[in-house]
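These notes concern the structure reproduced below.
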Amino acid sequence: MTTTCDLVLPCRDEAAALPGLLARVPGDFHVVVVDNGSRDGTAQVARRHGATVVSETRAGYGAAVHAGVVAARGEYLAVLDGDGSMDPRELLPLLALVRSGAATMAVGRRRRAARGVWPWHARLGNAAVLAWLRRRTGLTVRDIAPARVCRRQDLLDLGVQDRRFGYPVELLVRARRAGWTIVEHDISYHPRAAGTRSKVSGSLSGTLRAARDFARVLP
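Residue numbers (the UniProt record's numbering): 1 to 219.
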């Protein structure tokens, strides 16, 4: 069967996470790992495990995601963090929602699978952004789309411009304005793989940098 969904994994220094993560990717997906300036052999590990590897030298989550979207070729596109904190098998219900026409974009809502997975400062920042979006746009989502599936061409046509951590927030704002049907589905949120470190929730300074990027794209 022809693969019609590409899975984009934006990665920076995620070599320790990739073997376990890629082993759980369903056969429906072709994996595109975007190496965003890694120094730990992320690209080599990804290739050894059968992923297509794209290099993006511009630092930033949005830059990495956009490079993966451009490199992808399938009709459908999924995006997931490359740190092993979310199970790619849980993308299948999201893909089904989009394929059936029930959603223009299906997004994951994180549910903590263990204590301490989601630090207080990251949860607080997430809640503040979502409250702002509800007031200004009417969006009723309960997470900032850490996992998502949509048609690749729809995403390209949306024209998201942010190339840093504000990318998923701008995506939600633009999708709302474009009249997309956004459907949330619960996904499990696990501790990230040993040997990796979060660029956002791993520290208060990382969360503050993300909050700054979010603020730039809020309506």
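C-beta: ideal position from N, C-alpha, C; glycine also.
All values reported here derive from a predicted model rather than from experimental measurement.
Other residues of its chain near residue i: CB distance less than 6 Å, five sequence neighbours each side excluded
| i | result |
| --- | --- |
| Ala72 | Asp6, Val32, Arg152 |
| Val34 | Pro10, Val54, Glu56, Ala64, Ala67, Gly68 |
Cβ neighbours of residue i in the same chain (closer than 7 Å, five flanking residues each side left out)
| i | result |
| --- | --- |
| Ala16 | Ala193, Ala194, Gly195, Thr196 |
| Gly37 | Arg12, Thr57, Ala59 |
| Ala145 | Val107, Pro168, Leu171, Leu172 |
Whole-Å CB distance - residue i paired with residue j, under 8 Å assumed
| i | j | result |
| --- | --- | --- |
| Val141 | Ile182 | 6 Å |
| Val149 | Ala106 | 5 Å |
| Gly108 | His185 | 6 Å |
| Gly82 | Leu18 | 7 Å |
| Val8 | Ala63 | Contact flag wrong, Cβ pair sits at about 12 Å. |
Span separating the alpha-carbon of residue i from that of residue j
| i | j | result |
| --- | --- | --- |
| Ser201 | Arg112 | Because Ser201 sits at a pLDDT of 47, beneath the cut-off of 50, its placement in the model cannot be relied upon, and the following sentence gives the value as read from the coordinates. So the two alpha carbons sit approximately 14 Å from each other. |
| Gly20 | Gly84 | 7 Å |
| Tyr76 | Phe165 | 23 Å |
| Gly101 | Pro10 | 27 Å |
| Trp132 | Leu94 | 25 Å |
| Asp157 | Arg174 | 10 Å |
| Val160 | His49 | 30 Å |
| Asp28 | Val70 | 19 Å |
| Arg163 | Leu130 | 20 Å |
| Asn126 | Thr52 | 31 Å |
| Thr4 | His30 | 8 Å |
Where residue i sits in the DSSP three-state scheme
| i | result |
| --- | --- |
| Val129 | helix |
| Val54 | strand |
| Pro10 | strand |
| Glu75 | coil |
| Val160 | coil |
| His121 | helix |
| His66 | helix |
| Val183 | strand |
| Ala15 | coil |
| Ala106 | strand |
Chain-order list of residues whose beta-carbon lies under 8 Å from that of residue i (same chain, five-residue window excluded)
| i | result |
| --- | --- |
| Val98 | Tyr76, Thr104, Met105, Ala106, Val149, Cys150, Arg151 |
Chain B contact for residue i (CB, 7 Å cutoff)
| i | result |
| --- | --- |
| Ala145 | The structure shown has no chain B; it contains just one protein chain. |
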